[in-house]
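Heads up, the thing below is written out as structure tokens.
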Amino acid sequence: MRKTPHLSLLSASLLLTFSAYAQDTLVLDTVTVTAEEQVKQSLGVSKISKEDLEKRPVANDVSELVRTMPGVNLTGNSATGQRGNKRQIDLRGMGPENTLILIDGKPVTSRNAERYSMRGERNTRGDSNWVPVEMIESIEVIRGPAAARYGSGAMGGVVNIKTKPATNEFHGHITYYTNQPENSKEGATNRVGFNLSGPMINDVLSFRLYGNYNKTQADALDLNARANNGSNAVAGREGVRNKDINGQIKLKAGENHTWTVDAGFSRQGNIYNGDTQNSNQYNLTDCLVTVGRGQTCPAASQVPNQTTNLANAKAETARLYRQNYALTHQGKYRWGESRTYFMWDKTVNSRYAEGLAGGPEGSPISGADSGIRDSVLKNTRFSTEFYVPFRLGFDQMLTIGLEATRSSLDDPSSLRAELPASLTDEAGIAATNRPTKAVQNTWAVFVEDNIAVTDKFFLTPTVRFDANSKSKSNVSGSLNASYEIQDGLLVRGGLARAYKAPNLYQMNPNYIVGSRGNGCYDGDAQCNVIGNENLKPEISWNKEIGLEYSKDEWSASIAYFHNDYRNKIATGMINYAPSKNPALYRWENAKRALVEGVEGNLTIPLVPEKLRLVNNFTYMIKSINKDTGNPLSVIPRYTWNSSLNWNITESLDANLVYTQYGRQKPSQVPFTNLERGAERDRQGNVTNYTITNMNRTELGSYAVFGLNAGYNWRDTIGVRVGVSNLFNKRVYRESGSAASYNEPGRAYYATVKYSF
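Quick note on my numbering: the sequence shown kicks off at -12 and runs consecutively.
Structure below.
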């Protein structure tokens, strides 16, 4: 185990930072943009503006709109279909765990408070829903080599959600949104929010305050029954209650220094509808759903001493409480600029106790271990960056950054599993009463340079070093390039070595997940998987190259990407107790995978400044786990997104949107289908086993259309009405199928915004 990084480095950096603040503040004109801004012009970068968000309002989570960008899907973290309706943002097929979510450039990792299953799934909607959609200024989607500078968790890419800042003039708005499905069995949405911003002391001190309440009702328990031979085992989409309040104070200290203080609190509670990890139906889950509808639990006799508590819970089997505080400084000096922040956030995952083994894994349980349990995740973060322009042969902009994070997770409920006494010696841990808290310290330093070789040729190299108190250190880096062939036509490309550190469950030897023959290697009837302190970081070599054209209102691009995924962490293949029953496995670095595809976009001004057709596409050539032959996740073979935007007048517009999803293929090779005598190499990778097709159902190609229109009266009252899934194409979630999620049917929505 590595030693905890010393705080002396942090202290020294702080002294240097604050010493710099005291220096002369004469600003030097920059000759190039920062390396980060240059990289954001790469092929694998898309931007969603506040105008886009207004013209395509989402029901609840911005992932609904982010998914329409090239290279983006919504998936789970494996091809099993588990937690199918809780898909998260997946960039270029690398999985949600390799997508880093930022809010105003600061990491958001609340999903890490959710238990990590044997297949790598979490019972979470992810971290894309902590900012109300009306409070978003823009969203940057950064894919491929451009994301390497952000460190662990960004192998697939980064989604940076930028909020609307405090202003020096008094402004505000109140917004109401409603979404009403045509099918009464699908959950309706109602949302109301407000934003206030303005000066407190002239232009020196300003504030921002926003709040939000959203309720999306759950789908009916039997919504998917017809697709599953009348069984209710595969539930539809859970409902959600969101409550958010956030404040910001901005102090402008002179011309060159700005201090910002942020504080926020959010609550996300689910409205349970019977969803379980393995799509199994239990008396308790039916009870929870029924109580949530205000009815008497039909299975009360089988849920002793729980009915009253469940009634009080109103079928919220899970609640996430997140609080965050940040202090940020931005400064300008003779030698350049700087940005520094301190941040502390805490997530309390208050969840009904889940099963930890076999078919019941991830399902609410009854009995002695039942009831609401809390896991608590705390993060303390520090980051500072310096931007220094200079000329050494070429005009350059150098970025030097330092980051440090301390993360702690205390999850007694997920660590309550007992280890059979026969395995304690081999596992090296106690059978019961093991420590429930895991702590991880990380720090990183990086250097990035934006080099203007000529006025048409730019190079952006990056080198980054990360140290982790629980896993091995890592050196990563990237090289991005851009060359203007002729006016408006550029060739862009990049190469990066990205990485992801093991998470707080994978590396915790006290965390045990059991299997009752539901996924054991070598045909073992019973097995346990425990954490591994000796895991290496996951590594990905990301490559990208393509062309981009932009002139007047025309724009087009095409890019080829190729990601070699190494050291993927998964439940291992080595039985550390071959003579014991149950068997003993650990999470191991064993998997190799390949993700390869093409993406692009095309914007056509049919009528300049009036009528515009915007298109993008993604085609996945390969997404394969080389050890098993299975895809990494359930994603479409291709995706095509189009929108026809008509600015009828300055105040009136209409939009037609269309998405075509290609064929989707689930896991075909069963986890248990490894020959007992399989050969292994020195790393324990299986090198010889028979692959048998599971005959799991694929999901064929389908299309979804939408239509809306909006009117803005004197920039005071804005109204938008629309219909989603215009032709009522539905996908019903099924067991053993790529149809692992629900595509909701036709729905009607409206939003009203009053601005002042």
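Built from N, CA and C at the ideal position, the CB exists for glycine as well.
{"query": "DSSP three-state call for residue 636: helix, strand or coil?", "result": "coil"}
{"query": "Alpha carbon to alpha carbon, how far is residue 39 from residue 25? Give it in angstroms, no decimals.", "result": "23 Å"}
{"query": "Here's the rule: buried if 16 or more other CB atoms are within 10 angstroms of the residue's CB, otherwise exposed. What is residue 701?", "result": "exposed"}
{"query": "Compare the C-beta of residue 213 with all C-beta atoms of chain B and state if any pair is closer than 8 Å.", "result": "Checking the listed chains, one finds no chain B in this structure; it contains a single protein chain."}
{"query": "I need the straight-line Cα distance from residue 247 to residue 192, nearest angstrom please.", "result": "10 Å"}
{"query": "State whether the segment 541 to 554 contacts the segment 576 to 589, with contact taken as three or more CB pairs (one from each stretch) at a distance under 8 Å.", "result": "yes"}
{"query": "In angstroms with no decimal places, state the Cα-to-Cα distance between residue 549 and residue 236.", "result": "44 Å"}
{"query": "Is the Cβ-Cβ distance between residue 129 and residue 32 less than 8 Å?", "result": "yes"}
{"query": "Do the segment 195 to 213 and the segment 248 to 260 touch if we need at least three Cβ pairs shorter than 8 Å?", "result": "yes"}
{"query": "Please state the DSSP three-state secondary structure of residue 411.", "result": "helix"}
{"query": "What is the rounded straight-line gap between the Cα of residue 92 and the Cα of residue 568?", "result": "49 Å"}
{"query": "Measure how close the beta-carbons of residue 610 and residue 80 come, nearest whole angstrom, since I'm counting them as under 8 Å.", "result": "4 Å"}
{"query": "Where in the segment 29 to 80 do unbroken runs of the alpha helix (DSSP H), each at least 4 residues long, occur, reported from the N-terminal end onward?", "result": "37 to 42 and 50 to 53"}
{"query": "Which one of 360, 312, 625 and 183 has the shortest CA to CA distance from residue 253?", "result": "312"}
{"query": "To the nearest angstrom, report how far apart residue 73 and residue 61 are at their CA atoms.", "result": "9 Å"}
{"query": "Locate the beta strand (DSSP E) running through residue 468, then write down its first and last residues.", "result": "461 to 473"}
{"query": "Tell me residue 384's beta-bridge partners as DSSP assigns them.", "result": "376 and 437"}
{"query": "Taking the alpha-carbon of residue 273 as reference, which of 221, 316, 318 and 160 has the nearest alpha-carbon?", "result": "221"}
{"query": "Considering only residues of the same chain and omitting the five flanking positions on each side of residue 536, which have a CB-CB separation below 8 Å?", "result": "475, 476, 477, 542, 543 and 544"}
{"query": "Between residue 594 and residue 642, what straight-line distance do the alpha-carbon atoms span, to the nearest angstrom?", "result": "14 Å"}
{"query": "Does the separation of the CB atoms of residue 315 and residue 338 fall below 8 Å?", "result": "no"}
{"query": "Measuring straight from C-alpha to C-alpha, what distance separates residue 731 and residue 178?", "result": "19 Å"}
{"query": "Looking at C-beta atoms only, is the number of pairs between the segment 457 to 473 and the segment 370 to 384 that lie closer than 8 Å three or more?", "result": "no"}
{"query": "Per DSSP, what kind of secondary structure is residue 213 in: helix, strand or coil?", "result": "helix"}
{"query": "Return the CA-CA distance between residue 599 and residue 51, expressed in angstroms with no decimal places.", "result": "22 Å"}
{"query": "Kindly list the residues whose CB is nearer than 6 Å to the CB of residue 180, restricted to its own chain and excluding five residues on each side of it in sequence; keep chain order.", "result": "119, 121, 162 and 199"}
{"query": "Measure how close the beta-carbons of residue 614 and residue 579 come, nearest whole angstrom, since I'm counting them as under 8 Å.", "result": "6 Å"}
{"query": "To the nearest angstrom, report how far apart residue 229 and residue 343 are at their CA atoms.", "result": "28 Å"}
{"query": "Mind checking who residue 706 pairs with in its DSSP beta bridge?", "result": "698 and 739"}
{"query": "Do you know whose CA, among 77, 117 and 108, lies nearest residue 96's CA?", "result": "117"}
{"query": "On the criterion of 16 or more Cβ atoms from any shown chain inside 10 Å, does residue 420 qualify as buried, or is it exposed?", "result": "exposed"}
{"query": "At what residues does the beta strand (DSSP E) containing residue 222 begin and finish?", "result": "Element bounds for residue 222: n/a, residue is neither H nor E."}
{"query": "Rounded to the nearest angstrom, what separates residue 744 and residue 468 at their Cα positions?", "result": "Outside the shown range of the chain (-12 to 743) lies residue 744, about which nothing can therefore be said."}
{"query": "Going by DSSP, what residues sit across from residue 527 in a beta bridge?", "result": "485 and 552"}
{"query": "Between the C-alpha atoms of residue 680 and residue 625, what's the straight-line distance to the nearest angstrom?", "result": "Confidence at residue 680 is low in this model, with a pLDDT of 40, below 50, so the placement of that residue is unreliable and no value is reported for it."}
{"query": "Take residue 619 as the anchor and find which of 555, 36 and 114 has the nearest alpha-carbon.", "result": "555"}
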